[in-house]
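Position in the sequence shown (first residue = 1) + 18 = the numbering used here.
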Amino acid sequence: MKPLPRLLTILLLAPLASLHAAEPTLLRVAPDATFSQIAQPSGFTPEMPKLSDVCMRLFRLDQKDVSAERMLAAGSDFHITRGVWSYIEDESFIKSVRAKGWEFQGSLGMRLNDPDLALRDCEGKPIGTIGESDQPPFRGDNYNPAYRRAYLERAKRLVDMGVTSFQRDEPDEGFFDWGKKGRRDAIPDADLLEFHQWARTEIEKHAGRKLTFSTNCHTDPPFMQVFDYRMTEVRFRSMDGTKEVISPSRIREIGLAARKEKKLFVLTGQEDRPAEDYRWIWATSYATGNLYIVPWDQFQNVVLDPVTRVPRIPINQLPRIFIAQEKFADLTGFVRANADVLDGYEEAAVGGYDLQDTRFGDDAPIRIKGGSGKLSAFLRAKPGDAHAPVVIHLVEREQGATTTLRLPTARFFGKHAIKVTLREPLPYDAALHAKAENDKNYRSLIRETTLTTTTEGAWTLVSVPAVNPWGILMVEKLP
Numbered sequence: 019m020k021p022l023p024r025l026l027t028i029l030l031l032a033p034l035a036s037l038h039a040a041e042p043t044l045l046r047v048a049p050d051a052t053f054s055q056i057a058q059p060s061g062f063t064p065e066m067p068k069l070s071d072v073c074m075r076l077f078r079l080d081q082k083d084v085s086a087e088r089m090l091a092a093g094s095d096f097h098i099t100r101g102v103w104s105y106i107e108d109e110s111f112i113k114s115v116r117a118k119g120w121e122f123q124g125s126l127g128m129r130l131n132d133p134d135l136a137l138r139d140c141e142g143k144p145i146g147t148i149g150e151s152d153q154p155p156f157r158g159d160n161y162n163p164a165y166r167r168a169y170l171e172r173a174k175r176l177v178d179m180g181v182t183s184f185q186r187d188e189p190d191e192g193f194f195d196w197g198k199k200g201r202r203d204a205i206p207d208a209d210l211l212e213f214h215q216w217a218r219t220e221i222e223k224h225a226g227r228k229l230t231f232s233t234n235c236h237t238d239p240p241f242m243q244v245f246d247y248r249m250t251e252v253r254f255r256s257m258d259g260t261k262e263v264i265s266p267s268r269i270r271e272i273g274l275a276a277r278k279e280k281k282l283f284v285l286t287g288q289e290d291r292p293a294e295d296y297r298w299i300w301a302t303s304y305a306t307g308n309l310y311i312v313p314w315d316q317f318q319n320v321v322l323d324p325v326t327r328v329p330r331i332p333i334n335q336l337p338r339i340f341i342a343q344e345k346f347a348d349l350t351g352f353v354r355a356n357a358d359v360l361d362g363y364e365e366a367a368v369g370g371y372d373l374q375d376t377r378f379g380d381d382a383p384i385r386i387k388g389g390s391g392k393l394s395a396f397l398r399a400k401p402g403d404a405h406a407p408v409v410i411h412l413v414e415r416e417q418g419a420t421t422t423l424r425l426p427t428a429r430f431f432g433k434h435a436i437k438v439t440l441r442e443p444l445p446y447d448a449a450l451h452a453k454a455e456n457d458k459n460y461r462s463l464i465r466e467t468t469l470t471t472t473t474e475g476a477w478t479l480v481s482v483p484a485v486n487p488w489g490i491l492m493v494e495k496l497p
């Protein structure tokens with residue numbers, strides 16, 4: 019395969035990423051352009067996940083202490099809309115998921131035990147999935163007609179069970195594991211493209227409808243055109259735990275990189291971190307047009323010793339991560355409650371902590387005075403809709419404090435004055451959340467407050483109370 023493009027290497031290989039990733043080039047905006055004119059359409063197909071979707075892994079049914087009942091209850095507790103990246107092939111479970119109105123994403127990765135269907139190394143030995151093993155489970159041989167038949171028949175069975183989308187792990191058949199060790203040449207790009215195009219075409223032909231396909235590929239090979247969006251793991255700290263590698267600007271850059279290819283990123287974590295960290299990254303992900311998977315039944319990766327580069331704890335001894343409902347469901351409910359200002363909205367400006375918007379030259383579109391110094395603002399608008407509300411996501415990295423925002427009045431609705439309303443999640447209450455889930459009335463989980471505004475020449479000043487960690491300002495046009 020081709021060498022990794024530098025931008026995608028920086029942005030997507032999250033465990034190895036630099037904190038200071040290169041910012042995608044953005045064009046300067048006209049002095050009189052409104053935010054709805056600055057925001058650009060995503061180019062998403064109708065089948066793509068929505069920006070108000072709440073995703074949670076429905077991992078496996080053979081785990082200790084994670085029964086089907088517990089998994090389904092957790093999905094309801096977190097108000098999910100999509101069960102994603104699942105290795106479950108149980109028809110009754112899938113039908114239970116679909117009965118709740120959730121999408122179910124199956125995996126195209128097969129557990130392959132037949133050596134006759136395996137990819138072979140340069141010595142003719144089957145290539146296993148674990149280290150340099152030649153024992154099952156094996157990597158699949160995309161050239162093998164029998165493997166193709168097995169691959170397609172399994173996918174068809176999943177469609178018949180109710181699967182609505184697919185995730186494909188290691189779409190290059192694990193080149194990083196065996197290619198870097200010289201066990202065989204890489205599978206040519208053209209051949210990988212042909213295989214994934216063939217598979218998608220045949221699966222959708224069987225389904226009789228358009229499906230969505232995602233992958234956790236971290237590079238930009240030709241076969242990425244077959245996939246609609248990417249799953250990727252991002253880390254808070256480097257693999258040896260010595261430095262922070264995540265920031266508001268980096269999460270934003272991931273979203274901008276995705277939009278350049280008209281795709282979406284669904285992010286997930288791999289570290290045992292305090293709930294406050296996951297609350298912050300959840301809010302920042304949605305504020306930047308990405309999605310984040312609820313950290314419940316989440317994979318935990320190793321931390322390397324900084325000197326020996328050996329895992330401090332072996333990976334097979336690390337438990338999966340299960341965040342508590344009372345520490346997170348207020349934010350998942352907040353997403354559901356704000357579908358009207360998430361779906362169809364795209365970035366128009368940013369400002370505040372760790373963010374610079376070079377499109378506006380020296381005329382910063384969002385200025386923040388006071389507060390903790392670590393409040394980030396992400397302004398999003400509905401492209402081409404001059405009447406729709408404009409929203410500003412405020413995400414706090416530290417303990418919040420009252421701030422004043424200075425906003426360019428004319429960039430919202432031209433000559434019209436504006437009204438600003440703050441939406442915040444209510445403190446978690448189990449009974450309130452249970453009722454909201456039952457009634458599908460997620461707006462009952464938020465508080466709306468009209469904020470005081472004053473004008474100062476061409477600017478509108480807004481006094482904003484502390485947010486911890488997330489609030490959304492809804493800016494509406496006054497007659």
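Using N, Cα and C, we set each Cβ at its ideal position, and we do this for glycine too.
These numbers come from a predicted model, not from an experiment.
Supposed contact pair T439 and L469 - C-beta distance, whole angstroms, cut 8 Å:
As a first step, residue 469 is located in the sequence shown; it is residue number 451 there, counting from the start. As a first step, residue 439 is located in the sequence shown; it is residue number 421 there, counting from the start. Correct: roughly 7 Å between the Cβ atoms.
Quick check: the stretch 356-373 against the stretch 385-405, are there 3 or more CB pairs under 8 Å?
Judged by Cβ distances under 8 Å, the stretch 356-373 makes contact with the stretch 385-405, as three or more pairs qualify.
Alpha carbons only, please: which of T473, M257, E222 and V408 is nearest the one belonging to V359?
One-based indexing of the sequence shown puts residue 359 at position 341. Closest option to V359, Cα to Cα, is V408.
What do you reckon, are the CB atoms on T421 and V482 nearer than 8 Å?
As a working note, residue 421 is residue 403 in the sequence shown. As a working note, residue 482 is residue 464 in the sequence shown. Closer than 8 Å, so yes.
Unbroken alpha helix (DSSP H) runs of length 4 or more, entirely within the stretch 248-275: which are they?
none
What are the partner residues of W477, as DSSP defines its beta bridges?
What you label residue 477 is simply residue 459 of the sequence shown in a count that begins at 1. Note: W477 sits in a beta bridge opposite P426 and E474.
In the structure shown, what three-state DSSP assignment does P443 receive?
Within the sequence shown, numbered from 1, the residue matching residue 443 stands at position 425. Assigned with DSSP and collapsed to three states, P443 falls in strand.
Whole angstroms are fine: how far does the CA of Y363 sit from the CA of R116?
Stepping through the sequence shown from its first residue, residue 116 is reached at position 98. Stepping through the sequence shown from its first residue, residue 363 is reached at position 345. Rounded to whole angstroms, R116 to Y363 spans 27 Å at the Cα level.
Any idea which residues DSSP pairs G489 with across the strands?
Within the sequence shown, the letter at position 471 stands for residue 489. According to DSSP, G489 bridges with L412.
For the alpha helix (DSSP H) containing G370, list its first residue and its last residue.
Start at 1 with the first residue of the sequence shown, and residue 370 comes out as number 352. Unbroken run through G370 is the beta strand (DSSP E), E364 to G370; no alpha helix (DSSP H).
Terminal residues of the alpha helix (DSSP H) in which I175 lies:
Within the sequence shown, numbered from 1, the residue matching residue 175 stands at position 157. Here the sequence assigns Arg to residue 175, which means Ile is not the residue at that position. Residues P163 to M179.
Assuming contact is defined by CB atoms lying nearer than 8 Å, are R175 and G127 in contact in what I supplied?
Stepping through the sequence shown from its first residue, residue 175 is reached at position 157. Stepping through the sequence shown from its first residue, residue 127 is reached at position 109. Result no, Cβ atoms of R175 and G127 do not sit closer than 8 Å.
K261 burial status per 10 Å Cβ neighbour count (16 or more: buried)
Here residue 261 refers to the residue found at position 243 when the sequence shown is read from its first residue. Counting Cβ neighbours within 10 Å, K261 comes out exposed, since fewer than 16 surround it.
Once the 5 residues before and after R297 are set aside, which same chain residues still bring their CB inside 8 Å of it?
Taking the sequence shown and counting its residues from 1, the one referred to as residue 297 is at position 279. Answer for R297: K345, F346, L349, P487 and W488, listed in chain order.
Identified DSSP bridge partners for R465:
The count along the sequence shown starts at 1 and reaches residue 465 at position 447. E442.
G200 classed as buried or exposed, judged by whether at least 16 other C-beta atoms fall within 10 angstroms:
As a working mapping, residue 200 is identified with position 182 in the sequence shown. Result: exposed.
Within the stretch 91-127, ranges of the beta strand (DSSP E) (whole runs, at least 3 residues)
100-104 and 121-125
Could you check the C-alpha separation between L76 and M242 for me, to the nearest Å?
Position 58 of the sequence shown, counted from the start, is the residue given in the question as residue 76. Position 224 of the sequence shown, counted from the start, is the residue given in the question as residue 242. Whole-angstrom Cα-Cα distance: 25 Å.
Quick one: what's L322 bridged to in DSSP?
Numbered from its first residue, the sequence shown carries residue 322 at position 304. L322 is bridged to P329.
For a test of the three-state rule: what should DSSP assign to S303, helix, strand or coil?
In the sequence shown, residue 303 corresponds to position 285, counting from 1. S303: helix per DSSP, three-state reduction.
CA-to-CA distance, T471 to T233, given in whole angstroms
Here residue 233 is taken as the residue at index 215 of the sequence shown, counted from 1. Here residue 471 is taken as the residue at index 453 of the sequence shown, counted from 1. Rounded to the nearest angstrom, the two C-alpha atoms are 45 Å apart.
Where the alpha helix (DSSP H) containing Q185 begins and where it ends
Here the question's residue 185 lines up with position 167 in the sequence shown. No alpha helix (DSSP H) holds Q185; the beta strand (DSSP E) holding it covers S183 to R186.
Applying the criterion that 16 or more other CB atoms from any shown protein chain within 10 Å of the CB defines a buried residue, is N308 buried or exposed?
Sequence index remark: in the sequence shown, residue 308 carries index 290 (1-based). Buried, by the Cβ-count rule.
What three-state label does DSSP hand T420 in the structure shown?
Translated into the one-based positions of the sequence shown, residue 420 becomes position 402. Coil, per DSSP.
Can you give me the Cβ contacts of P497 inside the same chain, cut-off strictly under 8 Å, excluding the 5 residues immediately before and after it?
For the purposes of this step, residue 497 is identified with residue 479 of the sequence shown, where counting begins at 1. Excluding residues within five positions, the ones whose Cβ falls inside 8 Å are H434.
Given that a residue counts as buried once 16 or more other Cβ atoms are within 10 Å of its Cβ, and exposed if not, what is T478?
Taking the first residue of the sequence shown as position 1, residue 478 is located at position 460. Under the 10 Å beta carbon count, T478 is surrounded by 16 or more other beta carbons and is classified as buried.
How should H405 be labelled, buried or exposed, when 16 other C-beta atoms within 10 angstroms of its C-beta is the threshold for buried?
To locate residue 405, count along the sequence shown from 1; it is residue 387. It is exposed - the Cβ of H405 has fewer than 16 other Cβ atoms within 10 Å.
F317 versus V328, E107 and Q335, residue with shortest Cα-Cα distance
Position 299 of the sequence shown, counted from the first residue, corresponds to residue 317. Cα-wise, what sits closest to F317 is Q335.
Would P163 pass as a contact of L210 if the rule is Cβ separation under 8 Å?
Position 145 of the sequence shown, counting from 1, holds the residue named residue 163. Position 192 of the sequence shown, counting from 1, holds the residue named residue 210. No. Outside cutoff.
Tell me the DSSP bridge mates of I436?
Within the sequence shown, residue 436 is the residue found at index 418, counting from 1. DSSP, once it has assigned bridges, lists K495 as partnering I436.
Would you kindly report the start and end of the unbroken alpha helix (DSSP H) that includes D380?
As a working mapping, residue 380 is identified with position 362 in the sequence shown. Per DSSP, D380 belongs to no alpha helix (DSSP H) and is neither H nor E.
Determine the DSSP secondary structure at P133, reduced to helix, strand or coil.
Stepping through the sequence shown from its first residue, residue 133 is reached at position 115. DSSP, read as helix, strand or coil, puts P133 in helix.
Span of the alpha helix (DSSP H), counted from its first residue to its last, around R354:
For the purposes of this step, residue 354 is taken as residue 336 along the sequence shown, with counting starting at 1. Segment A347 to A355, the alpha helix (DSSP H) holding R354.
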